[in-house]
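**Q**
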Amino acid sequence: MQALINNVTRSFSTIFGYAPTHFIQAPGRVNLIGEHTDYNDGFVLPCAINYQMVVAAAKRDDNTIRVIAVDYQNDVDEFSLDNTIEFLPNKMWANYVRGVIHFLQKDNYSFHGMDIAISGNVPQGAGLSSSAALEVAIGQTLKTLYQLPISQKEIALNGQKAENQFVGCNCGIMDQLISACGEENHALLIDCRSLETSAVTMPENMIVMIINTNKKRGLVDSEYNTRRQQCEEAARILNVTALRDATLEDLVAKKALMSEVVYRRARHVITENGRTLDAAEALRHGDLTTLSQLMMQSHHSMRDDFEITVKEVDSLVEIVKSVIGDRGGVRMTGGGFGGCVVALVTPDLVDKVVDSVKAQYEAKTGLKETIYVCSASQGAGYSEAK
1 MQALINNVTR SFSTIFGYAP THFIQAPGRV NLIGEHTDYN DGFVLPCAIN YQMVVAAAKR
61 DDNTIRVIAV DYQNDVDEFS LDNTIEFLPN KMWANYVRGV IHFLQKDNYS FHGMDIAISG
121 NVPQGAGLSS SAALEVAIGQ TLKTLYQLPI SQKEIALNGQ KAENQFVGCN CGIMDQLISA
181 CGEENHALLI DCRSLETSAV TMPENMIVMI INTNKKRGLV DSEYNTRRQQ CEEAARILNV
241 TALRDATLED LVAKKALMSE VVYRRARHVI TENGRTLDAA EALRHGDLTT LSQLMMQSHH
301 SMRDDFEITV KEVDSLVEIV KSVIGDRGGV RMTGGGFGGC VVALVTPDLV DKVVDSVKAQ
361 YEAKTGLKET IYVCSASQGA GYSEAK
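Take the sequence shown: its position 283, counted from the start at 1, is 283 in the UniProt record's numbering, and no numbers get skipped.
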């Protein structure tokens with residue numbers, strides 16, 4: 001993180017001509033288990049990772065907001081809190097910042113202007129929530145500079161609102177919530193209906209490996225919408241508010257009333273909710289054998305019932321599984337049709353996994369993977385400039 005702090009300090013001081021007073025960080029995340037359960041009011045188990053968005057900041061006496069995007073050649077956005085905050089079609093990065101500030105204003109939080117410089121190392125396009133990290137970082141910055149009476153959960157909800165309604169991109173609440181509320185060496189069990197969270201201790205020294213297949217994700221939006229409709233149809237047939245409220249027995253009893261595809265989609269969500277709760281327990285007790293089985297069942301369910309994996313993802317999971325056996329877990333993570341695989345492993349297995357993946361993945365798929373070795377990290381926070 002020090003490199004990011006140096007980056008933002010340099011740009012801030014050069015362009016604004018004085019030094020920042022505060023540094024704020026908000027992390028990216030990976031979901032360990034609980035896939036496509038969020039919009040079914042279910043459970044997810046993400047952890048924050050040690051890749052983050054960092055902001056250098058200082059208050060202003062007036063109502064001007066000045067923003068430097070260090071990673072976009074120090075591109076600058078400037079606007080006033082006295083005017084309606086507009087969407088900028090030609091400067092997409094700025095809309096995440098503008099959206100967060102717009103909704104904080106709408107919710108009647110009182111603050112003046114600020115100068116900020118932003119830089120991050122959350123890989124973009126890998127499904128590790130660089131956008132949520134940015135939204136949470138901006139909310140955290142205003143909370144820090146102006147002592148806003150806003151909770152971490154409200155910062156997350158505000159970020160989600162900005163992404164859904166200002167940027168115009170549909171997302172659940174998981175990404176912002178884990179970025180705002182994550183704890184070091186813990187995963188966070190999130191109830192997507194009540195938004196209640198509970199920190200789950202990770203076994204000591206547990207390494208979170210994220211391996212990007214670098215398979216370009218096609219069809220994501222259309223397939224996502226189809227899956228969502230199928231889940232809603234199943235809930236309607238089962239006469240429940242959401243699939244979270246159904247049991248496997250309920251589903252089997254009404255199998256004849258739904259198509260085979262809808263049945264399988266619902267079976268994934270219902271069993272995945274159970275697996276997520278069981279995985280939280282297994283993590284708490286350091287039971288890697290059970291965790292290993294649950295993550296593999298989750299992957300098979302996504303492959304066979306929800307049908308969102310692709311051969312590159314399945315191949316990568318098999319390569320990792322052959323190395324770690326039941327001494328850790330591995331599965332696809334994220335929306336599907338490409339993207340990343342997550343593995344929870346002990347430190348002694350990391351090099352073996354890396355070597356095995358490097359030796360086999362490209363030979364099997366023609367694609368070169370990208371490997372991130374992470375640890376479960378602290379959620380959003382700040383420090384004062386020395």
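We treat Cβ as the ideally placed atom computed from N, Cα and C, and that holds for glycine.
All values reported here derive from a predicted model rather than from experimental measurement.
For a quick check, are the C-beta atoms of Val252 and Cys374 less than 8 Å apart?
**A** No, these two residues do not count as a Cβ contact at 8 Å.
**Q** Going by the CB atoms, is the gap between Gly339 and Arg217 shorter than 8 Å?
**A** yes
**Q** Which of the three DSSP states is assigned to Asp115 in this structure?
**A** strand
**Q** So which of Asp221, Met53, Ser129 has the shortest CA-CA distance to Ala117?
**A** Out of Asp221, Met53, Ser129, Met53 has the C-alpha closest to the C-alpha of Ala117.
**Q** With a threshold of 16 other CB atoms inside 10 Å of the CB of Asp41, please say whether the residue is buried or exposed.
**A** buried
**Q** At which residues does the alpha helix (DSSP H) containing Ala48 begin and terminate?
**A** No alpha helix (DSSP H) contains Ala48, which is instead part of the beta strand (DSSP E) from 43–59.
**Q** Need the endpoints of the beta strand (DSSP E) that residue 389 sits in, please.
**A** With the chain covering 1 to 386 only, the question about residue 389 has no answer from this structure.
**Q** Since Ile324 is in the alpha helix (DSSP H), which residue starts that stretch and which ends it?
**A** 311–324
**Q** Exposed or buried, what is Cys169 when buried is set at 16 or more other beta-carbons lying within 10 Å of its beta-carbon?
**A** exposed
**Q** Would you identify the three-state DSSP class for Cys340, choosing helix, strand or coil?
**A** strand
**Q** Under 7 Å from any heavy atom of the ligand ADP, does the C-beta of Thr241 make it?
**A** Looking for the ligand ADP in the displayed structure turns up nothing, as the structure carries no ligands at all.
**Q** Tell me whether Ile285 is buried or exposed, calling it buried when 16 or more other Cβ atoms sit within 10 Å of its Cβ.
**A** The amino acid at residue 285 is misidentified as Ile; the sequence shows His. Classification for His285: exposed.
**Q** Inspect the beta-carbon positions of residue 389 and Ala156 and report whether they are closer than 8 Å.
**A** In the structure as shown, the chain begins at 1 and stops at 386. Residue 389 is therefore absent and cannot be evaluated.
**Q** What ranges does the alpha helix (DSSP H) occupy inside the region 83–137, keeping only unbroken runs of at least 4 residues that lie completely in it?
**A** 92–106
**Q** Closer than 7 Å by C-beta to His299: which residues in its own chain qualify, once you throw out the five before and the five after it? Chain order, please.
**A** Closer than 7 Å at the Cβ level, and outside the excluded window around His299, lie Val317, Arg331, Met332.
**Q** Using CA atoms only, rank isn't needed, just tell me which of Gly99, Leu128, Pro89 is closest to Ile49.
**A** Among Gly99, Leu128, Pro89, the Cα nearest to that of Ile49 belongs to Leu128.
**Q** Relative to the C-alpha of Asn121, which residue among Ala133, Ser110, Phe12, Met114 is closest?
**A** Ala133
**Q** Quick one: give me the first and last residue of the alpha helix (DSSP H) that residue 392 is part of.
**A** Look at the range of the chain in this structure, 1 to 386, and you will see that residue 392 is not part of it.
**Q** What would DSSP say about Ala380, mapped onto helix, strand or coil?
**A** coil
**Q** Any idea which residues DSSP pairs Glu78 with across the strands?
**A** Arg66
**Q** Mark Thr197 as exposed unless 16 or more other C-beta atoms lie within 10 angstroms of its C-beta, in which case mark it buried.
**A** Under this definition Thr197 is a buried residue.
**Q** Secondary structure at Asn239, three-state DSSP: helix, strand or coil?
**A** coil
**Q** Any idea if Glu384 is buried or exposed, counting beta-carbon neighbours within 10 angstroms, 16 or more meaning buried?
**A** exposed
**Q** On a Cα-Cα basis, can you pick out the residue from Ala19, Asp38, Asn6, Met1 that is closest to Ile270?
**A** Asp38
**Q** So within the region 20–44, which uninterrupted beta strand (DSSP E) runs reach at least 3 residues, ignoring any that extend past its ends?
**A** 22–33
**Q** Keeping to the same chain, check which residues put their C-beta closer than 8 Å to that of Thr370; ignore five residues upstream and five downstream.
**A** Cβ within range, chain order: Pro123, Ala126, Ile211, Asn212, Asn214.
**Q** Let me confirm a value: Tyr18 is counted as buried when at least 16 other C-beta atoms fall within 10 Å, else exposed. Which label applies?
**A** exposed
**Q** Could you please give me the residues that DSSP links to Asn212 through a beta bridge?
**A** Cys340, Thr370
**Q** Could you check which residue in Gln105, Ile101, Tyr96 has the C-alpha nearest to that of residue 391?
**A** Beyond the ends of the chain as shown, which are 1 and 386, falls residue 391; an answer cannot be given.
**Q** Between the region 321–330 and the region 340–347, are three or more C-beta pairs nearer than 8 Å?
**A** With a cut-off of 8 Å, the region 340–347 and the region 321–330 count as touching, because enough Cβ pairs lie within range.
**Q** When DSSP labels each residue in this structure, what does Leu349 get in the three-state scheme?
**A** Residue state for Leu349 is assigned as helix, using DSSP reduced to three classes.
**Q** May I have the straight-line CA-CA distance separating Gly237 from Ala162, to the nearest angstrom?
**A** As written in the sequence, residue 237 is Ile, which differs from the Gly given in the question. Approximately 34 Å, taken between the alpha carbons.
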